[in-house]
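Take the UniProt record's numbering: the final residue in the sequence shown is number 395, and no numbers are missing along the way. Written out below as structure tokens is the structure these notes cover.
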Amino acid sequence: MSARIAAAAAEIARLLEHGMSSDAQDRIARERGLVEQLMAGPGRAPIYGFTTLLGHLDDVEAVAGAQRELLAAHLVGPLEHFPPEWGALLLDVKLAQLAQGSSGIHPETHALLVSARADFGSARFPASWTGNWTASYSSGDVVPGAWFVHVLEQAGLLHIHRAGDLISIINGHFVSTSAGLAVAAQLSGIVDELLDLVCRAVPKSPDRGVQLPVTLRDLQPIRLQAENVVFALVDTLRSRLEHPSGNPLFIPHGTGVRAVSQSSFLDFRLTGALGQAVQLCAQIAAYAKAAVVYATDSDERGASARVQPAKIAEALIRQLSLLAVPQDFAFAESHGVEDVGDLSLESAGILARGVQILDSLADLVADAVHCVRAPSADALRLRVPSAGIAASLVS
């Protein structure tokens, strides 16, 4: 791992830790006090999700019980069963973004989120996270976000009932950011391992004349590409964690705050970085196949050992070629209120499949060079294991 990737990864670890800090809790309490003043002020303007309903119903005043009804309305979509590490990572990312301020979340609601994260690993923490985690076009991951709230409520770890509770939690890009972090951690590890395995194939390549094949004679081009792509992905994720994400946001105004309608839940940079990473998978796969072909050319275990691995490598490369990053960013949902999404959650799932294929290629290369694979380390130093999450994003 290069120095700049390591530095960005270290900052990600720091930001995730900061989400549960007392400084973050103090800031949230101070800001909520100002939000309460704003909501109680004379002639106050409507505040989206705090005093109104959501989406195209933002001109309808919220009444008692509206938070519960809004939550129920968002619990839709195909259900998927994710491991408890997914819930812990969602909490980590949500808390990290809330720690950046401006959300208006109530401090008691925030304290429940902090307490829920502290329960990870205990019997109180949900063992299975069932919800719609991937069917979202990322214009604020409100439906997966609602399932996040639902799982916590079902476990008795959260209760939504105060003004703004729901919108301050479910809005923002914390679900797609969590998916991106899990997949990036897996990508970084498999890229480093595969390039090392390809290096091991060079001495096993039979003598074919003056030059080795392009793939095996010089790994610098693919190393440079991998370093740049992985850094861009990790640095984009770092940036997501150090800024608030949601709608509305409350910004300083005189001695108080004002609610601002904006689109901080959109971030096309991650989608672009994920797309580059999908392409990187295909580029590295070319080197992996070459390593399999040339390392098995002189395999002493027989003709089948020399022929079949290359065929399987080719089949895996063809699977990679079918992975396409989504391009259709325009929508017309919620009566036209939601007319664009960043597609980052869907893109993270596509990259997760690419990483899975690279892992299969690594098995082939390791066998070709007679090497036993070691478990890959988490380069991003997430607070939870990422392998199970990345696998769930594929299925």
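Quick reminder that beta carbons are idealized off the backbone N, C-alpha and C, glycines included.
Inset, instruction - Please report how far the alpha carbon of residue 417 lies from the alpha carbon of Arg381, in whole angstroms. - result: Residue coverage of the chain in this structure runs from 1 to 395, which leaves residue 417 outside it and unanswerable.
Legend entry - Span of the beta strand (DSSP E) around Leu249: Residue 249 sits at position 249 when you count from the first residue of the sequence shown. In the DSSP assignment, Leu249 falls within the beta strand (DSSP E) that extends over Leu249 to His253.
Legend entry - Contact under 9 Å by Cβ, Gly104 with Ser168: For the purposes of this step, residue 104 is taken as residue 104 along the sequence shown, with counting starting at 1. For the purposes of this step, residue 168 is taken as residue 168 along the sequence shown, with counting starting at 1. At a Cβ-Cβ threshold of 9 Å, Gly104 and Ser168 count as neighbours.
Inset, instruction - Measure the Cβ-Cβ separation of Leu75 and His150 and say whether it is below 9 Å. - result: Within the sequence shown, the letter at position 75 stands for residue 75. Within the sequence shown, the letter at position 150 stands for residue 150. Yes.
Legend entry - Beta carbon of Val230 nearer than 9 Å to that of Ala184: Looking up residue 230 in the sequence shown gives position 230. Looking up residue 184 in the sequence shown gives position 184. Contact: yes.
Inset, instruction - Could you give the DSSP three-state label for Asp339: helix, strand or coil? - result: As a working note, residue 339 is residue 339 in the sequence shown. Asp339: strand per DSSP, three-state reduction.
Legend entry - Nearest-angstrom beta carbon gap, Val365 and Ile212 [assumed within contact, 8 Å]: Residue mapping note: residue 212 aligns to position 212 of the sequence shown, counting from 1. Residue mapping note: residue 365 aligns to position 365 of the sequence shown, counting from 1. Before going on, a small fix: residue 212 reads as Leu here, not Ile. Not a contact, Cβ separation roughly 16 Å.
Legend entry - Cβ pair Phe50, Pro248 closer than 9 Å: Counted from its first residue, the sequence shown places residue 50 at position 50. Counted from its first residue, the sequence shown places residue 248 at position 248. Closer than 9 Å, so yes.
Inset, instruction - Please classify Thr255: is it buried, with 16 or more other beta-carbons within 10 angstroms of its beta-carbon, or exposed? - result: As a first step, residue 255 must be located in the sequence shown, where it is residue number 255. With fewer than 16 other beta carbons inside 10 angstroms of its own, Thr255 counts as exposed.
Legend entry - Any 3 or more C-beta pairs closer than 8 Å across the region 311-321 and the region 117-126: Two segments are said to touch when three or more pairs of C-beta atoms, one from each, lie closer than 8 Å; by this definition the region 311-321 does not touch the region 117-126.
Inset, instruction - Starting from the N-terminal side, write out each stretch of the alpha helix (DSSP H) that is 4 residues or longer and does not extend beyond the region 55-127. - result: Here the runs fully enclosed are 66-73, 84-98 and 107-118.
Legend entry - Close Cβ partners of Ala377 (< 7 Å) along its chain, the five nearest in sequence each way excluded: In the sequence shown, residue 377 corresponds to position 377, counting from 1. Beyond the five residues adjoining it in sequence on each side, Ala377 comes within less than 7 Å, by CB distance, of Gly189 in the same chain, given in chain order.
Legend entry - Burial state of His106 (16 or more Cβ within 10 Å): For this step, residue 106 is matched to residue 106 along the sequence shown. It is buried - the Cβ of His106 has at least 16 other Cβ atoms within 10 Å.
Legend entry - C-alpha distance - Val372 paired with Gly388, whole-angstrom precision: Residue 372 sits at position 372 when you count from the first residue of the sequence shown. Residue 388 sits at position 388 when you count from the first residue of the sequence shown. Val372 and Gly388: Cα-Cα distance of roughly 21 Å.
Inset, instruction - Mind listing, in chain order, the continuous alpha helix (DSSP H) runs of no fewer than 4 residues lying wholly within the region 262-323? - result: Qualifying alpha helix (DSSP H) stretches, in chain order: 268-296 and 303-321.
Inset, instruction - With a 10 Å radius around its C-beta and 16 neighbouring C-beta atoms as the bar for buried, classify His110 as buried or exposed. - result: For the purposes of this step, residue 110 is taken as residue 110 along the sequence shown, with counting starting at 1. That one is buried.
Inset, instruction - Could you check what DSSP says for Ala179 in three-state terms: helix, strand or coil? - result: The count along the sequence shown starts at 1 and reaches residue 179 at position 179. It is helical.
Inset, instruction - Measure the C-alpha to C-alpha separation of Gln37 and Ala73 and round it to an integer number of angstroms. - result: The sequence position of residue 37 within the sequence shown is 37, counting from 1. The sequence position of residue 73 within the sequence shown is 73, counting from 1. Taking the straight line from one Cα to the other gives about 29 Å.
Legend entry - Contact with chain B by Trp147, beta-carbon distance below 9 Å: You won't find chain B in this structure, because it holds only one protein chain.
Legend entry - Rounded C-alpha distance that separates Gln279 from Asp342: The residue labelled residue 279 in the question sits at position 279 within the sequence shown. The residue labelled residue 342 in the question sits at position 342 within the sequence shown. Here the C-alpha atom of Gln279 lies approximately 18 Å from the C-alpha atom of Asp342.
Legend entry - Ile222 to Leu34 span [Cα, whole Å]: The residue you call residue 222 lines up with position 222 of the sequence shown. The residue you call residue 34 lines up with position 34 of the sequence shown. Computed Cα separation, rounded: 52 Å.
Inset, instruction - Kindly provide the ranges of any alpha helix (DSSP H) runs that are 4 or more residues long and lie completely inside the region 124-148, ordered along the chain. - result: The DSSP assignment places no complete alpha helix (DSSP H) segment of no fewer than 4 residues inside the region 124-148.
Legend entry - Residues that DSSP places opposite Thr236 in a beta bridge: Reading the sequence shown from its first residue, position 236 is the one you call residue 236. In the DSSP output, where bridge partners are listed per residue, Thr236 has none listed.
Inset, instruction - Apply the 10 Å Cβ neighbour rule to Gln308 and answer buried if 16 or more other Cβ atoms are within range, or exposed otherwise. - result: In the sequence shown, residue 308 corresponds to position 308, counting from 1. Exposed, because fewer than 16 other Cβ atoms sit within 10 Å of the Cβ of Gln308.
Inset, instruction - With DSSP collapsed to three states, give me the class of Thr52. - result: For the purposes of this step, residue 52 is identified with residue 52 of the sequence shown, where counting begins at 1. Three-state result, Thr52: strand.
Legend entry - Separation of Ala226 from Leu219, as counted between CA atoms: What you label residue 219 is simply residue 219 of the sequence shown in a count that begins at 1. What you label residue 226 is simply residue 226 of the sequence shown in a count that begins at 1. Cα to Cα, the separation comes out at about 11 Å.
Inset, instruction - Have a look at Glu346, Val234 and Ser239 and flag the residue whose alpha-carbon is nearest the alpha-carbon of Met1. - result: Taking the sequence shown and counting its residues from 1, one reaches residue 1 at position 1. Distances from the CA of Met1 to each of Glu346, Val234 and Ser239 were compared; the closest alpha carbon is that of Val234.
Inset, instruction - Determine, using beta carbons only, whether Ser136 and Ser176 come nearer to each other than 9 Å. - result: What you label residue 136 is simply residue 136 of the sequence shown in a count that begins at 1. What you label residue 176 is simply residue 176 of the sequence shown in a count that begins at 1. Yes, these two residues count as a Cβ contact at 9 Å.
Inset, instruction - Label His243 either buried or exposed according to how many other C-beta atoms from any shown protein chain fall within 10 Å of its C-beta, with 16 as the threshold for buried. - result: Position 243 of the sequence shown holds residue 243. Exposed, because fewer than 16 other Cβ atoms sit within 10 Å of the Cβ of His243.
Inset, instruction - Alpha carbon to alpha carbon, how far is Asp363 from Ala232? Give it in angstroms, no decimals. - result: As a first step, residue 232 is located in the sequence shown; it is residue number 232 there, counting from the start. As a first step, residue 363 is located in the sequence shown; it is residue number 363 there, counting from the start. Those two C-alpha atoms are separated by around 27 Å.
Legend entry - Within 9 Å, strictly: CB atoms of Thr130 and Leu79: Numbered from its first residue, the sequence shown carries residue 130 at position 130. Numbered from its first residue, the sequence shown carries residue 79 at position 79. It is a contact, given that the beta carbons lie within the stated cut-off.
Legend entry - Cβ-heavy atom distance, Phe250 to the ligand MG, below 8 Å: Annotation note on the ligand MG: not contained in the displayed structure, which lists no ligands.
Inset, instruction - Mind checking which residues open and close the alpha helix (DSSP H) that includes Val35? - result: For the purposes of this step, residue 35 is taken as residue 35 along the sequence shown, with counting starting at 1. Ser22 to Ala40 is the span of the alpha helix (DSSP H), which, as asked, contains Val35.
Inset, instruction - Determine, using beta carbons only, whether Leu351 and Leu187 come nearer to each other than 9 Å. - result: Numbered from 1 along the sequence shown, position 351 holds the residue referred to as residue 351. Numbered from 1 along the sequence shown, position 187 holds the residue referred to as residue 187. The answer is yes: Cβ separation under 9 Å.
Inset, instruction - Please report the residue range of the beta strand (DSSP E) in which Ala259 lies. - result: For the purposes of this step, residue 259 is identified with residue 259 of the sequence shown, where counting begins at 1. Element bounds for Ala259: Gly256 to Val260.
Inset, instruction - Using alpha carbons as the reference points, say which of Ile284, Ala374, Gly145 and Ala9 lies closest to Trp86. - result: Numbered from its first residue, the sequence shown carries residue 86 at position 86. Ranked by Cα distance from Trp86, the first of Ile284, Ala374, Gly145 and Ala9 is Gly145.
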